[in-house]
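One structure is given below, encoded as structure tokens.
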Amino acid sequence: MILITFLLMTAALLSGIESCPVLCTCQNQMVDCSNQRLFSVPPDLLLDIRNLSLAHNRIANIPPGYLSCYTELQILDLHNNSLSELPKRLFINAKKLLYLDLSYNNLSHVPADMFQMAHNLLQVNLSYNPGLRKIHPLAFRGLFQLRHLDLSYGSLSFLGLEALEDLSGLVILRLGGNPWICGCTMEPLLKWLRTNIQTCVADVQRAKCWGPPEVEGVLLFSLTEESFKACHLTLTLDDYLFIAFVGFVVSIASVATNFLLGITANCCHRWSKANEEEEI
């Protein structure tokens, strides 16, 4: 009986050792594989893992379903890798995930429902993805608990207000370092930002417009309703009458011009014919 107990304990101990990947350190439900020059994610992690760090590696992709077995995961650090995209439904079983760091990667877009089922997320860091140009309107759908969202230092020129509609608990939002085009399509977002600037936006001085030319270099949050006055121009009856009058005048001028050109051409033709007859 004692021998059987000893063998079971030994097997359990060995199992625990084997479940910690090579080049990683494992302790208290935390697996640290950072700074190991990894090109792929390590397999066979502790099933009850809560904290996984894969930071400062060379990981370019993550297999679909990689996180599906790690339902206790709360912290995932993937910053400073070579990720250009993430597989669909990667976070489908990540119901307990609280902190996600995807900064310093090569992500180009955030698709719809990227964080599906990870509805308890408190912090998402997408900063310093230099190719990040598009955020889908439904990218952050259902993240009612999110407190901190970092979208700074990418290549975003536009962000629809729809992308922030579910983020009712947002406390910190970082937008600086992007080439924002502050045209008419950005007005809804900028109105929202002005309303929430004191409680939400953390990098006010770094969020600037790159265009149109008339607002280049202007801080996003200094734009007022006056800045978008041209977006709401409406024509009055007098305007329509003036346009109709101008159109009428242009039409008359066109007809008159064609008439004169016709007469001129006819005269030239007759003059040329008369000269030919005289020569004969």
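Using mature numbering (1 follows the signal peptide of the UniProt record, and there is no 0), the letters of the sequence shown correspond one by one to residues -19 to -1, 1 to 261. Heads up, the beta-carbon is just placed ideally off N, CA and C, and yes, glycines get one too. Note that the structure is predicted; figures quoted are calculated from it, not measured.
CB-CB length for residue i against residue j, believed under 8 Å
i, j, result
"L78", "L57", "6 Å"
"A93", "A120", "6 Å"
"E53", "R70", "Actually they do not touch by this definition, with Cβ atoms about 18 Å apart."
"L59", "A36", "7 Å"
8 Å Cβ shell around residue i - same chain, five flanking residues per side excluded
i, result
"L103", "L79, Y80, Q126, L127, R128, H129"
"P44", "V22, P68"
"F20", "N38, R39, I40, A41"
"Q10", "L27, D29, I30, R31, N32, E53"
Sequence-distant residues of its chain with Cβ nearer than 7 Å to residue i (five each side left out)
i, result
"T6", "D13"
"F(-14)", "Reliability fails at F(-14), whose pLDDT of 40 lies under 50, so the model's placement of it is uncertain and no value is given."
Beta-carbon contacts of residue i that lie in its chain and below 6 Å, excluding the five residues immediately before and after
i, result
"C165", "C212"
"K115", "H90"
"N159", "G135, L137"
"G141", "P118"
"N110", "N86, L88, G135"
Continuous beta strand (DSSP E) stretch holding residue i: start and end
i, result
"G192", "190 to 192"
"L88", "L88 -> no beta strand (DSSP E), and no H or E assigned at all."
"Q104", "104 to 106"
"T205", "Where T205 is concerned, there is no enclosing beta strand (DSSP E), given that its DSSP letter is neither H nor E."
"Q8", "6 to 8"
Residue-chain proximity (residue i, chain C), Cβ-Cβ < 9 Å
i, result
"E146", "The structure shown contains no chain C; it is built from a single protein chain."
Would you mind listing the beta strand (DSSP E) stretches within the region 13 to 78 that are 3+ residues and don't spill past its ends, in chain order? 32 to 34, 56 to 58
Please go through the region 112 to 188 and give each complete beta strand (DSSP E) segment of 3 or more residues, from N-terminal end onward. 129 to 131, 153 to 155
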